[in-house]
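Residue numbers (my numbering): 24 to 319. A virtual CB, placed ideally from N, CA and C, is assigned to each residue, including glycine. Working notes, beginning with the structure itself.
Below you can see the structure in the form of structure tokens.
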């Protein structure tokens, strides 16, 4: 299942790229800017600002949708099939995140941008959510893209069992791997994940001579300190031949999505990390011999 296809992206890989965003992630990062990507199922977004009270959603007789003095209320756990709501709201106040697309349908979407890849040296980037958590359709798509000699990058947390990574070896040109922290307890507290699993996979991936770029999300109260960042960069430095690091500063662009999903955003009041605040981290990484980029 995917939740977005983004064209003409100039980050997350070389040249102009088509981004395929898969739905579903094994981590629950407290700062996640795409909360609609976390669930492997459909997600219901409701924007009160767009609601015109036409009543189509109520007239459809779908359980979980009610109206009170506060306005429209959605009990998401009581909606039997969110797909029923996809085209009900004329004002688009209710939207459904998640769409099933076959490998062939995805390939047709990707091929629309072939001229842009050829002229810019671009290609396709698979993101999420976590693409490695997808089923065999992921390998089918990667194989077709490989046969067409298209450049493929994959954004991943590597928080999956190794066979999910291994099946993609030789089919991905560049793995863009999040390296979030070196402290296992802090990693678990803020993401719900197992840092040992990630590190083991990363070491195996590097050992297979795959092309890996390390990406460090710079998050306030999580890893935005010189002490923590030095440890992260030092860890990456031990994983030769990784020689490129991207620092990704925290932003608050996902704040409204949390409200639309009825989710609490615990990082919603944190201030964005200004790129000028990355200078010391950039200098440290460059002194270690890394090529450094910011923002993707």
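Own chain partners of residue i with C-beta closer than 6 angstroms, once the 5 adjacent residues on each side are dropped
i, result
"residue 45", "25, 151, 152, 154, 157"
"residue 99", "67"
"residue 130", "167"
"residue 218", "207, 210"
Three-state class that DSSP yields for residue i in the structure shown
i, result
"residue 266", "coil"
"residue 29", "strand"
"residue 24", "coil"
"residue 58", "helix"
"residue 42", "strand"
"residue 288", "coil"
"residue 138", "helix"
"residue 152", "coil"
"residue 294", "coil"
Chain C within 9 angstroms of residue i, Cβ atoms only
i, result
"residue 232", "Here chain C cannot be found, since the structure has a single protein chain."
Alpha-carbon spacing of residue i relative to residue j, whole angstroms
i, j, result
"residue 277", "residue 120", "14 angstroms"
"residue 126", "residue 185", "23 angstroms"
"residue 27", "residue 42", "8 angstroms"
"residue 293", "residue 251", "19 angstroms"
"residue 29", "residue 162", "20 angstroms"
"residue 234", "residue 196", "7 angstroms"
"residue 257", "residue 109", "47 angstroms"
"residue 138", "residue 220", "39 angstroms"
"residue 111", "residue 60", "22 angstroms"
"residue 93", "residue 101", "19 angstroms"
"residue 135", "residue 122", "19 angstroms"
"residue 164", "residue 254", "37 angstroms"
"residue 82", "residue 70", "19 angstroms"
"residue 308", "residue 267", "9 angstroms"
"residue 47", "residue 64", "7 angstroms"
"residue 56", "residue 216", "17 angstroms"
"residue 264", "residue 49", "27 angstroms"
"residue 91", "residue 229", "56 angstroms"
Nearest to residue i (by Cα), restricted to the options the options
i, options, result
"residue 95", "103, 104, 68", "68"
"residue 37", "148, 135, 122, 55", "148"
"residue 66", "283, 317, 294", "283"
"residue 132", "220, 251, 31, 262", "31"
"residue 262", "289, 223, 124, 241", "223"
"residue 58", "295, 240, 179, 286", "286"
"residue 225", "87, 187, 247, 122", "187"
"residue 140", "39, 281, 274", "39"
"residue 173", "190, 199, 144", "144"
"residue 237", "281, 62, 181", "181"
"residue 313", "260, 107, 229", "260"
"residue 86", "227, 210, 107", "107"
"residue 33", "239, 146, 76, 189", "146"
"residue 193", "90, 169, 204, 239", "169"
"residue 204", "97, 240, 88, 290", "240"
Beta-carbon proximity list for residue i, same chain, < 7 angstroms, skipping 5 on both sides
i, result
"residue 249", "303"
"residue 12", "Residue 12 lies beyond the range of the chain shown here (24 to 319); nothing can be said about it."
"residue 311", "256, 260"
"residue 242", "54, 273"
"residue 288", "278, 281"
Residues near residue i in its chain [Cβ-Cβ closer than 8 angstroms; skip 5 each side]
i, result
"residue 23", "Nothing about residue 23 can be reported from this structure: the residues present for the chain run from 24 to 319 only."
"residue 73", "114, 115, 116"
"residue 295", "272, 273, 274, 275"
"residue 35", "42, 148, 150, 176, 178, 199, 319"
"residue 160", "125, 126"
Report task. Scan the segment 194 to 223 and note each continuous alpha helix (DSSP H) run of 4 residues or more that stays entirely inside, going in chain order. Result -> Counting whole runs of 4 or more residues, the segment 194 to 223 contains the alpha helix (DSSP H) stretches 207 to 214.
Query raised in the report: Enumerated in chain order, which unbroken segments of the alpha helix (DSSP H) with a length of 4 residues or greater are wholly contained in the segment 155 to 195?
Result: DSSP runs (the alpha helix (DSSP H)) wholly in the segment 155 to 195: 159 to 170, 185 to 189.
Query raised in the report: Of all the beta strand (DSSP E) runs that stay within the bounds of the segment 79 to 122, which reach a length of 3 or more residues?
Result: Fully contained in the segment 79 to 122 are the following beta strand (DSSP E) runs of length 3 or more, in chain order: 88 to 91, 94 to 97, 117 to 120.
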